[in-house]
Amino acid sequence: METKQEPILEVKNLSIQFGGLKAVDDVNFKVNRGEIVSIIGPNGAGKTTVFNMLTGVYQPTNGQIFFKGEEIQGKTPQNIVKAGMARTFQNIRLFCDMRVIQNVLLGMHTNTDYNFFDLVFHTPKYRKLEREKQQKAVDILKFLDLDRYLHDYPTNLPYGDQRKVEIARAIATDAQLLLLDEPAAGMNPEESEELLSFIRSLVTKGFTIVLIEHDMNLVMNISDRIYVIDHGRKIAEGLPQEIATNKDVIVAYLGEEEEEDQLEEVEHA
Amino acid sequence: MILQQVFDGLTLGIVYALIAVGYSLVFGVLRLVNFAHGATYAFGAHIAMVVVVSTNFGLFWAIIISVIMTGLMTMFMDRIALRPLRAKKSKGISALITTIGCSYIIQNALMIVFGSRSKWFPKIFDYGNFQIGNVLVKSTQVGIITVSVVLLLLLTFIVQKTKIGLAMRAVQQNAKAASLMGIDVNRVISFTFFLGGASAAVAGSLISGYYQIVNPQMGFIAGLKAFSAAVLGGIGILHGAVFGGLVVGLAESFAAFYIGGGYRDAVAFIILIVVLIFRPNGLFGKKVIEKV
Amino acid sequence: MKHNNAKKNLLDTKPKKIAALVVMVALVLYLPKSGLLSPYLVRILTMISLYSMLSLSLNLLTGFTGLVSIGHAGFCAVGGYTSALMWQYLGLPWLVTAICGMIMAGVVGLMLAAPTSRLSGSYLTIATLGFGEIVKMIALNWQSFTGGPLGVNHIERPEFFGITLTTFNGGFFYLSIILTALVTLFVYRIVNSKMGRAFMAIRDDSLAATMMGVDVTAYKMKSFVISAAIAGLGGAFYVHFVRFLDPNTFNFDISIIIISIVILGGTGSIPGSFLGAALLISFPEILRFASEYRFIIYGLILVLMMRFKPEGILGGHSHRPFRLMKGVESYGN
Amino acid sequence: MKKRIVLVALLSLLICGFAFANGSSETQKPVKIAVVGPLTGDFAEYGMGFKNAAVLRAKQINEAGGVLGGRQIEIVDFDDKNSGEEAASIAERIAGNKDIVGVVGHFASGVSMAAAPTYEEVGVPEISPSASHPDYSGMGKYIFRNNSLIDVEANETLNIASKVFKAKRVAVLAVKTDWGVTTADILINTLAKDHPELEIVGYEEILDGLTDFSSTITKLRSYKPDTIIVCAMYNILGPFANQYKDIDSKINLIGFSNAYSEQLIKLAQEDGNGIALPAIFFHESPEAKVRSFVDNYKKDYNGKIPSSLTAQAYDSLGMFAQAIEEAGSADRKAIKEQLYKIEYDGVAGVTYFDEIGDAYKTFNWLMIEDGKFTLIDKSKL
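Here you go:
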């Protein structure tokens, strides 16, 4: 995979403080186009908080976020999605009383620009755009092999497929950068195996992925680069092999004593 | 003349506080606005009226009976209508709509049983009036204020100092954790409903004794004003409800005096909307951050 | 769910659907003229169609956007008063005053929505209740303009091409059917468009909606404005129908009837509002003895529906396939 | 599929319900007269009074041989719940039923005016025993009123104030309903001029259904009135008397004929003593007609005492019977024409209609003394 060197996303000394607590403290990282970058760290390290700052849910106390060269920290979530960055959630947040296809169609909200007048009088512009978007939604579901659930409601789908619908919804926003928040959480081994090949297929389609994940097996095999965050601070970055042997990472995850066992387990993952 | 308005306003306010406390108790424990609370207040007043008129029990015993009956009624309502929803983990809106339904059932049942006409209610604490400076003080007013203050202190004592009070505060903080610690959450919730119903019954009897009139529709407007008071003080907080009640009572009696009789109800609603917009958590409430 | 292949059912074939529609329209138009129905029954059908329109407007706000409003009669009052007073002071024809009533109600809907759309659940509901009472209070106290308790009477009936509509010539019946049909088409198109999906997304998970680029506050306000405008139109129709209006015409009971219809019929279901209106408006007429208990029955409906079928009779997940636009290839699904 | 079955079941219930409600048409030929008023809700007492009075009068007429040579009068009652909407719906039902030739009813002015256009349009003579809004009977040729005009009755209250109480400073309290506000306006702006001996010192308005009068009382007392005219019904006058006399027991209170009912005594208890009000009908007047009406009414309706509005409903039914007899036909139009020529000597005094359908009445003055209404002897003043 050739990776053009100009970064699609660059974060400079990003930090945020809730009252006295420094949830994220001076984090720097960058993501290049077409890469799969993982952010790992123990629970409560501040990973999801980073995601929330990237997507405009929280305003960082300081630091900049450059997306495709443009500063986006402080922008509203709507503008960030429109700019081309979409996310999924740690615990699935699909619209359970809307059909699967409607969920995906909702993803296209920012890029379906017919106005109130068009939709009331079914003007040609409305008909053309609506048909286009519905076709695109069906195609996305087909691509993700979810089109059989087209008319169905998300709550009736198996867990793994619900995850994929959430990703389908993120893709529908025409985003180039997908932020996946623990997609493998709650999956059994072959489901996460299938997810692995699925994410790889996304990259071949031209998406760039940033991943938060605890499933070390998935992370070590899929990531191009890994950043490790602990107590809100970046403690390590680099290729999967480097991270596996990095002292600080092991200490952060497992604490002092059992240093040795951690090493063998990683080698033959 | 101002002092007279202040005193009248305080009497009104202390009773609104007594009703508002009911809202805060239930909201604290369940995060639910009990819309049927206004109708409960009217229910309590009617029970007291029936007991006083049809039997020779004094007003004191009538109120005691009304407190017990109303408390049981609210517990029954919680048991039949609200507990199944909690068990079913249904959406918050369902519980709110259920209480709206209950308030309509109670109010219209009162109208059918007691007829919709206003009925007489004996004067409470009727020992004549006396003058302090140019402020005319009725014995009824003094009686109402003392009873209300005693009841509010009793409620605060129960919540702060007793075992069940501790359980209530635990459920208020985190119902799931409380149940893990062996607290029977449903029992605590129904006890809270009992307290809410009881305080509403007393408030209903006191107000009817003060104005010597009882009417099935009295609960609707009074309930709404008491809710404004509870929100103003910070819903879920007892002393907030008391403070809010006094403010709404004073505002209403000043508006009626200076602007005109037609505006007395409007004042409470305007306070409600203004508070909801600028400080939804009220004066004593704290900001709640929604975790992603 | 067993729904992976689109079931072909009776009504789906094109010609059958048109035929059913034509028969239905002919029946509805012929009905009042046929003398089969006494003016009293024509009046009931007119009220059913009016309440269908009102509950459709609340369904858009509560059923589709998830904002529970129990002060909806306040918007009817704004629409009704605007229309009645414009007739009284300016003598304008019904069509003009009704549209102004609709716009005025929409504007008031915006004024209520702007500050309160940040509120959550029960706070917003209680704020709408407060709003309903404030509208009544203003109508009562602004005596010089609204006539206060005297209200407005002898309100002129609408007149189209020289015919004055009355219940006897079925005029009001046709007008209410036309208005309800227009509103239904309007709501149907909104619900099946990008805006409708945004409303439903806000109802199901407003945070996820925000993350997908929906400006939640703006859309909540749009939902309020549209819903209020339709309610205002309903109010404008009603005052010219009853020819009388005072602060008590649109009181809290009307809001409760409307929300009971929405809850009974089915939140988030357009046919549900029609079924709810038909049931709740006709049952006090059919069971005369029950009419005294009707508000207890409305209360019971709210409690029992929440307990056993919160999504309502016709609400909930529908088994019919999602209607894709013509020409969209669905790979056999 | 399950949902479709439910739908079909519910709709069929609806259809058969309509058939049932449509009612069967009778073929006998009794003369049917409708009585309409609030049989439920806040003013149920007045609606029931109308119905009882009309049924009693019809029974007496039928026992005396009915009308038009033996045809019986049949009363058909409707409950309009004191709502304009319900009233308009009932008006259409009555207008559509050819057998009903006259209507005694609608209670409140607003409600009557919501129904009047339909009666006028179809041509059904309607006599309201209680509507007092000035432009009510002007709504049509078929619209009559067997109740005193507001300005006539309001003038009586001023006479009571000056003659009975020798009042100097009079305050006016009005409930914010169409009747209350109109009465107060006429009292203050038109009638006060021709009573130089009195001075209207203040005016206050209160919401209907209010129970807390403390701030209104404080304001009224600031005007230092010796007499207060209360334009409101007993549900306001009663508690107001309690709360005001609690502070100033010497105040004179004057009510209106619609507050004249036992409910007022029940609500005001001992504070009711001293309240005066004008009334067209007095249930303890020595007149034979009144005595027999009150005794029959108490016999039939377990001891209830008829109020002045009930008496007027009783007379209204009597007027219809007399008009039908004199017109010699039970045709709606003929009855209407006859009503303009009628001179009816009823329990509520001699009544005749003017050209727009308003009735002129003579008033008695009553005062509550130790829990009972007593007649004020005007000659001794």
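Residue numbers (my numbering), protein chains in the order written: chain E, 1 to 269; chain W, 1001 to 1292; chain U, 2001 to 2333; chain R, 3001 to 3381. For glycine and all other residues, C-beta sits at the position ideal for the given N, C-alpha and C.
Quick one: Cα of E:Leu14 to Cα of E:Ala45, how far? In this model, E:Leu14 and E:Ala45 are separated by some 14 Å (Cα to Cα).
Below 7 Å CB to CB, which residues in the same chain sit around U:Ser2223 once its five sequence neighbours on both sides are set aside? Leu2060, Leu2061, Thr2065, Leu2067, Phe2199
Rounded to the nearest angstrom, how far is the Cβ of W:Ser1253 from that of R:Ser3215, given a contact under 8 Å? Between the beta-carbon of W:Ser1253 and that of R:Ser3215 there is about 5 Å, and that keeps the pair under the 8 Å contact cut.
Given this structure, state the Cα-to-Cα distance separating R:Asp3135 from R:Phe3353, to the nearest angstrom. Each residue's Cα considered, the two are about 15 Å apart.
Answer yes or no: does any C-beta atom of chain E fall closer than 8 Å to that of U:Pro2321? yes
Report yes or no: is there a C-beta of chain U within less than 8 Å of the C-beta of R:Val3181? The beta carbon of R:Val3181 falls within 8 Å of a beta carbon belonging to chain U, placing the residue at that interface.
At what residues does the alpha helix (DSSP H) containing E:Gln90 begin and finish? Where E:Gln90 is concerned, there is no enclosing alpha helix (DSSP H), given that its DSSP letter is neither H nor E.
Nearest to W:Arg1079 (by Cα), restricted to the options W:Val1067, W:Ile1064, W:Thr1098, W:Gly1022: W:Thr1098
Any C-beta of chain U within less than 8 Å: which residues of the stretch 1232-1260 of chain W qualify? Gly1260
Run through the stretch 3109-3192 of chain R for me and flag every whole alpha helix (DSSP H) of 4 or more residues, listed as ranges in chain order. Those alpha helix (DSSP H) runs which fall completely within the stretch 3109-3192 of chain R and span 4+ residues are 3109-3122, 3150-3159, 3178-3189.
Can you name the start and end residues of the beta strand (DSSP E) that U:Phe2199 belongs to? It is not in any beta strand (DSSP E) - U:Phe2199 instead sits in the alpha helix (DSSP H) that spans 2194-2211.
According to DSSP, is U:Glu2159 part of a helix, a strand, or is it coil? strand
Sorted by chain position, which residues of the same chain lie with C-beta nearer than 8 Å to U:Thr2166's C-beta, five sequence neighbours on each side aside? Leaving aside the five residues that flank U:Thr2166 on each side, the residues in its chain whose CB is nearer than 8 Å to its CB run, in chain order, Arg2157, Phe2172.
For R:Pro3278 and R:Phe3363, the rounded distance between their alpha carbons: 6 Å
Chain-ordered neighbours of U:Phe2238 on chain E, where CB pairs are closer than 9 Å: Note that residue 2238 of chain U corresponds to Tyr in the displayed sequence, not to Phe. Within chain E, no residue comes near U:Tyr2238; the closest Cβ sits about 24 Å away, beyond 9 Å.
By Cβ distance, which residues of its chain are closer than 6 Å to E:Arg233, with the 5 residues on each side in sequence left out? Within the same chain, E:Arg233 has close Cβ partners Asp25.
Contacts that R:Thr3227 makes with chain U (C-beta to C-beta distance below 7 Å): Near R:Thr3227 there are no residues of chain U at all, since even the closest Cβ is about 25 Å away, more than 7 Å.
Residue nearest to W:Ala1095 in terms of C-alpha spacing, selected from U:Tyr2238, U:Ile2155, U:Glu2133, U:Met2305: U:Met2305
Terminal residues of the continuous alpha helix (DSSP H) containing E:Ile243? 240-245
Would you call the CB atoms of W:Gly1101 and W:Leu1250 closer than 8 Å? no
Is U:Ser2120 buried or exposed, if buried means 16 or more other CB atoms sit within 10 Å of its CB? Classification for U:Ser2120: exposed.
According to DSSP, is R:Gly3102 helix, strand or coil? strand
Hey, is R:Met3113 close to the ligand MG, as in C-beta under 7 Å from one of its heavy atoms? Absent from the structure shown: the ligand MG. Ligands present: none.
Rank E:Ser38, E:Gly19, E:Tyr159 by C-alpha distance to the C-alpha of E:Glu213 and give the top, closest one. E:Ser38
Grab the span of the alpha helix (DSSP H) containing E:Val120 for me, first residue to last. Here the alpha helix (DSSP H) through E:Val120 covers 116-121.
Taking only the alpha-carbon atoms, compute the straight-line gap between W:Val1067 and W:Ala1045 and give it to the nearest angstrom. 9 Å
For W:Ser1116, which residues of its own chain have a beta-carbon under 7 Å away from its beta-carbon, when the five flanking residues on both sides are left out? Pro1216
Taking Cβ positions, are U:Ser2191 and E:Gln134 nearer each other than 8 Å? Correcting the residue type first, residue 2191 of chain U is Val in the shown sequence and not Ser. Not a contact, by the Cβ cut-off of 8 Å.
Strictly below 8 Å CB to CB, what residues from chain W border R:Asp3178? Residues of chain W passing the Cβ test: none, with the nearest at roughly 14 Å.
Give me, in chain order, the residues of the same chain whose beta-carbon lies closer than 7 Å to that of W:Val1151; leave out the 5 immediate sequence neighbours on both sides. At residue 1151 of chain W the sequence reads Leu, which differs from the Val that was named. Once the five neighbours on either side are set aside, the close Cβ partners of W:Leu1151 are Leu1018, Ser1199, Val1202.
Environment of U:Ile2178 [buried if 16+ CB atoms lie within 10 Å]: exposed
Chain W contact for U:Ala2105 (CB, 8 Å cutoff): no
Measure the beta-carbon distance from U:Trp2039 to R:Glu3121 and round it to whole angstroms, keeping in mind my assumption that it falls under 8 Å. It should be noted that the sequence gives Pro, not Trp, for residue 2039 of chain U. Their Cβ separation, rounded to whole angstroms, is 11 Å, which puts U:Pro2039 and R:Glu3121 out of contact at 8 Å.
Could you confirm whether any beta carbon from chain E is found closer than 8 Å to the beta carbon of U:Phe2186? yes
Which word fits R:Pro3225, buried or exposed, when buried means at least 16 other C-beta atoms lie within 10 angstroms of its C-beta? buried
What number of angstroms, rounded off, separates the C-alpha of R:Arg3057 from the C-alpha of U:Met2047? So the two alpha carbons sit approximately 37 Å from each other.
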